[in-house]
Every structure is written in C-alpha cells, then in structure tokens.
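Engineer: Here the sequence shown stands for residues -6 to 493, numbered as in the numbering used here.
For each residue, glycine too, the CB sits at the ideal point set by N, CA and C.
Values in this document were obtained by computation on a predicted structure and should not be read as measured data.
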Amino acid sequence: MTPSPSHALPAVDTGLAWNNRFAALGPAFYTRLEPRPLPTPHTVAHSPDAAALLGLDADWLHSDAALQIFSGNALPQGSDPLASVYSGHQFGVWAGQLGDGRALLLGEVQTPQGPQEIQLKGSGLTPYSRMGDGRAVLRSSIREFLCSEAMHALGIPTTRALYLCGSPEPVQREAVETAAVVTRVAPSFIRFGHFEHFAARGQFGELQQLADYVVERFYPECQDGADCGGHAGNRYAALLQAVSERSAALVAQWQAVGFCHGVLNTDNMSILGLTIDYGPFQFLDHFDPGHICNHSDHQGRYAYGQQPGVVLWNLYRLGQALQPLIGDPTIAMGALESYRTLYPQHFMQRMRAKLGLDAAHEGDSTHIDAILHLLADNAVDYPIFWRRLSRAVGSGDFDPVRDLCADRAGWDRWMLSFSEHVALTNRALDANLMLKNNPHIVLRNHLAQQCIEAAQAGEFSTLQALQTALQMPFDEHPAHEAYAGFPPDWAAHLSISCSS
C-alpha cells in the first residue's frame, strides 16, 4: 500500500478503523492534499441513520471533534485525504479532464454493510478545481444533504449525507453566499468519468487497473465473466453489462417517483448505480415529461422524460472507454443491450405497484401510458395524484382523485377502462401496495427553499423538522401534513441551476 504522508492538520481519533484502498491504486488516480480549514464553522445538520451505518454514535456528531473533522479543520486519525482525477462528457460534449474540484476522499471504513468511503464536499481548492474556488455554498449543500437522505428513505440507491456544517466565509456565486461542507458516504465515488479519463489518454494499464479494482471489490460475480451476463472469460464486458443493469433499475425508480436529476453528465454517473451529485434536482410538482429542472440546461437535454435515453447514452460512453479492455465491439454492444431490455421492465414493474397491481398482465402498459398522458394533459400534481389514488382504492371514494383532473370525462373514461381491465385479468387493486410505493412526502423545491432561507437566517429547526419527516416518506402523520400539500404559487418561479 502507498504510504500515507504526515499531516499538517491535527488528527482526531473517531474510533473507526480507516483503510485507504483507493489510494493504493497509485498517484495516477489522485492528488494527495488536505482540506482547507473552514473558518468559525457551525453544525447545520447531521444524519443519525448515516452515523449508524458507519458505526458512529449519533451523540458523537454533536461533539466539537465531529465539527472539526467534518469542517476540514482536523483529520480522522488513519485517514489519507485525496482528490481523484476523472474526465467526462458534459451536456453531451467532451469536457476533458475534470476531477474532484472541491471534494476530498478521507478514506474508507468497514461497516456491517461493507466498506464505506467518506468524502468532504466543499473542502477547498484542489488541482482539479479549474476556475472554481473549491467551496460549496450553504444553499446547495442543504439541498444535497436533505435529498441524499430522502432518497435513501424512499428506497432509491444513493450516496448518503452524514453531516452538514456552515461558516460565515463568503463565497461568490451569482451573489455572495456563505460556505458549507457536506460529508458524503458511499461504497465508492468512482464515476463513468474515471474510466473515460484513462481511455482518452491512452493509459490502458491504468484503465485495466481501475476496472479490475471495481470488479474485484464491487462486482465479484463478474470476475470470470461467465457468471455475469454470460460473457465467458471477459470480465470487462460482464462489468459493462452489470453496470447497465444497475443503471436501468435506478433510472426506472427515478421516473416512477418523479425525480429529475438535472445534470446527468458522465462524470455524474456512479459506477455502482447510485444517485450521485445532487445539484439542480427536482421532484415533479405537476406531471410534465418535458419538464427541465436545471435552468442551465437551455436545450432540455436533461428534461425528466429524457433521462432514460440520456443514461443509455452515458452507458455507451462507458462502453467506449472500456472498449480497449473488452476487445470485440460486438461484445460491448451486446453488454449494453441489457439496459434496453431491463429499463422498460423495471419501469412497468414500478408503475404497476403504484397502481396496486401485484402481477403483470398483457395490456397493463396501455393503461399506464394512458394515465400518464392524462396527468400530463391536465398538469396534475404528480405526488398528490398517486397518494390520493392509493387512499381512494382503500376507501372507495374516488372523487378527490377525479377533482385533480380538469378533464373529468377523460378521467372517467380511463377509470372505467382500467377497472374493466383489472376485472378481466382477475385481479384486485392492493391499496397497501400502493401506499408503500406512492410517497406521502417528497422533497419538493419549495420545501428545500424554506429550509435554505431559514438556515441563511441562522435558524435550523425548519431543516431538522423536514429532515425528520423525509425519513418517513410513506407514513401519514399529523405533524407532517404541511409538507404533503400543493406547492405555493411562488414555487413555480424558483430557479435551480448548476451554480452550487
């Protein structure tokens, strides 16, 4: 293993046993450096659930030691901070070298769920910051912290957020804002762009080293190829197919819950099929397949309805990067076909569950497509529609659902046709299944904005209350009803961009 250097920052014992296996790949993959200390930091929020994942006592998160570590003013004893290098396509255009411009990987700890890496985001300049300042602002850090944990509670694969701290340090964006650091957790932060980086530079030895590292650590079933996609002896094609399959399952969950990522560049795609890099994301209010949540996305490349196709495009870029290792291009193309097959299957499975159907029958897709067209034509609030429908199936009162549609006759036609279809296939709608798949609460933009404005004024209880509610997204609780209503009119004017 590559030896760790001495550190200028003080080291604090966290009680965790640190490993630095990514550092063992060698200096071609990263630059070692320490975080830039954050002046006069203060705690904004933390996740007891993420702490439990790591084996940390939640009470310890209230300590000054935790604040010093997660603000970048001290280092965990045994950690080996580094910024990794990667490249990527941004908005469909090759952007060349990118890298961790404001993030530092502290290292890895062993947990009952397997190894987890811990990373500081917003911890200062790195060699990959380009024109940036290496900082994150409180506004975007609150959004990432809340959404990371909210997505986990929804059962959607994601990086986690352990801790969020702020500082009065000024940071210039469109206006002057204040700095923040969010501590992120994941089994790995390796992205499609890591592979693109070495392939583009013709560094095929490092490309193979990285691919072998990922296979052996995270896709052991792909080691001989035959056990992963039937690519006998070709572990790299097996890896590509496995990543394609995880990505298909992930984007199907996004589409079903109405989640828009907003900036699906290849450097924002996790090799493990996790949701990563929460920037200009949004959960849909009214249903609109063409909705663009990122105001920097002038061409609508990353609109909600475009996400399945964009993820496939990104997988093709990963396939190109792995081509020198796979060899035969037809094998690489075959490995990508699993996405085309599995995405619609996963999506239909998710939508059947939202409709209370526990088994698949011919004709289901026709009725699913029809209800989505009806929602779009009537600009129906997506989360509220599905939750009301879940309750209606249980109570038998469908009037609150019908009231959401301006085209009442259109709703009546769909409901009659769907009811006949369910009866003909000898099924009954399962209200409990629906309640488990149609969340009562999602992190709408206006809810996040209310937390941001309160936190910018020095008040964090608004954020903490929402965080608590988001951990129980399928439960109905009187204290959480304010989070489940229609968005206010001003929410339509919120502008979310890549600026963070």
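How about Arg210 and Ala179: do their beta carbons lie closer than 8 angstroms?
Structural biologist: No, Cβ-Cβ distance for Arg210 and Ala179 is not below 8 angstroms.
Engineer: Buried or exposed: which applies to Trp483, given that a residue is buried once 16 or more other Cβ atoms fall within 10 Å of its Cβ?
Structural biologist: Exposed.
Engineer: If Gly94 and Arg136 are in contact, beta carbons under 8 angstroms, what's the gap, nearest whole angstrom?
Structural biologist: The Cβ separation is near 18 angstroms, so there is no contact.
Engineer: Determine the extent of the alpha helix (DSSP H) in which Gly312 is found, giving its start and end residues.
Structural biologist: Counting along the chain, the alpha helix (DSSP H) containing Gly312 begins and ends at 300 to 319.
Engineer: Does DSSP classify Gln457 as helix, strand or coil?
Structural biologist: If DSSP states are grouped into helix, strand and coil, Gln457 belongs with the helices.
Engineer: Round the Cβ separation of Pro481 and His433 to the nearest angstrom and send it over; I've been treating them as touching at under 8 angstroms.
Structural biologist: With a Cβ gap of about 18 angstroms, Pro481 and His433 do not count as contacting.
Engineer: With burial defined as no fewer than 16 other Cβ atoms inside 10 Å of the residue's Cβ, what is the status of Thr151: buried or exposed?
Structural biologist: Classification of Thr151: buried, given that the 10 Å Cβ count is 16 or more.
Engineer: With a Cβ-Cβ cutoff of 8 angstroms, do His288 and Ile489 count as a contact?
Structural biologist: For His288 and Ile489, yes; Cβs fall inside 8 angstroms.
Engineer: What separation, rounded to the nearest whole angstrom, lies between the Cα atoms of Val394 and Ala146?
Structural biologist: Straight-line Cα distance between these residues: approximately 26 angstroms.
Engineer: In whole angstroms, give me the CA-to-CA distance for Val37 and Gln442.
Structural biologist: Roughly 15 angstroms between the two C-alpha positions.
Engineer: Any idea what DSSP makes of Ala83, helix, strand or coil?
Structural biologist: Here residue 83 turns out to be Gln, not Ala, going by the sequence shown. In the structure shown, Gln83 sits in a strand (DSSP, three-state: E or B).
Engineer: Which word fits Arg132, buried or exposed, when buried means at least 16 other C-beta atoms lie within 10 angstroms of its C-beta?
Structural biologist: So Arg132 ends up on the buried side.
Engineer: Below 8 angstroms, how does it come out for the stretch 201 to 215 and the stretch 324 to 333: are there three or more Cβ pairs, yes or no?
Structural biologist: Counting Cβ pairs under 8 angstroms, fewer than three are found: no touch.
Engineer: Count the CB pairs spanning the stretch 278 to 292 and the stretch 167 to 185 that are closer than 8 angstroms, and state whether there are at least three.
Structural biologist: Result no; under three Cβ-Cβ pairs closer than 8 angstroms.
Engineer: Can you tell me whether Val174 is buried or exposed? The criterion is at least 16 other CB atoms within 10 Å of its CB, across all chains shown.
Structural biologist: Buried, since its Cβ has 16 or more Cβ neighbours within 10 Å.
Engineer: Tell me, which residues are paired with Val5 by DSSP?
Structural biologist: DSSP lists Pro69 as partners of Val5.
Engineer: Near Phe378, which residues of its chain fall below 8 angstroms by C-beta distance, leaving aside the five closest residues on each side in sequence?
Structural biologist: Hits under 8 angstroms: Phe280, Leu368, Val394, Leu397.
Engineer: Relative to the C-alpha of Leu428, which residue among Glu413, Asp270, Leu382, Tyr206 is closest?
Structural biologist: Comparing Cα-Cα distances from Leu428 to each of Glu413, Asp270, Leu382, Tyr206, the minimum goes to Leu382.
Engineer: Determine contact between the stretch 77 to 93 and the stretch 36 to 55, defined as no fewer than three beta-carbon pairs at a distance below 8 angstroms.
Structural biologist: Too few Cβ pairs lie closer than 8 angstroms, so no.
Engineer: Can you tell me the Cα-Cα spacing of Arg380 and Leu417, whole angstroms?
Structural biologist: Whole-angstrom Cα-Cα distance: 25 angstroms.
Engineer: Output yes or no for whether 8 angstroms exceeds the beta carbon distance between Ala172 and Val130.
Structural biologist: Cβ distance < 8 angstroms, so Ala172 and Val130 count as in contact.
Engineer: Is Cys215 closer than 8 angstroms to Arg228 when the C-beta atoms are compared?
Structural biologist: Cβ distance < 8 angstroms, so Arg228 and Cys215 count as in contact.
Engineer: Kindly give me the distance between the Cβ atoms of Asn12 and Gln103, rounded to whole angstroms, as I take these residues to be in contact under 8 angstroms.
Structural biologist: The pair is a contact, with the Cβ atoms about 7 angstroms apart (cut-off 8 angstroms).
Engineer: With DSSP collapsed to three states, give me the class of Tyr295.
Structural biologist: Here Tyr295 sits in coil by DSSP.
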